[in-house]
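What follows is a set of notes on a single structure, which appears directly below.
Residue numbers (the numbering used here): 2 to 75.
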């Protein structure tokens with residue numbers, strides 16, 4: 002069964018560029034229920050726009066904790 006964590010992200014395009022260039026490899030965020038969430042910056046490639054990454058997203062992962070996907074939820 003797939004699990005999900007909801008996070009609100011507000012990453013500017015300049016800040017995202019640091020991730021893209023490899024200067025930063027992981028993103029640290031807090032879920033809407035207060036958990037600290039760390040995930041590879043590469044997963045954001047699917048949701049980045051020219052304004053960066055802004056909005057509410059569900060990070061999907063399997064029972065082993067392996068990333069399965071990310072989707073905008075709000």
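Heads up, the beta-carbon is just placed ideally off N, CA and C, and yes, glycines get one too.
Beta-bridge analysis with DSSP links residue 70 to 61.
Residue 19 is not a Cβ neighbour of residue 41, given a cutoff of 8 Å. In the structure shown, residue 46 adopts helical secondary structure according to DSSP, grouped into three states.
Looking from the CA of residue 11, the closest CA among 3, 56, 71, 37 belongs to 56.
Between residue 73 and residue 48, the gap from beta carbon to beta carbon is short of 8 Å.
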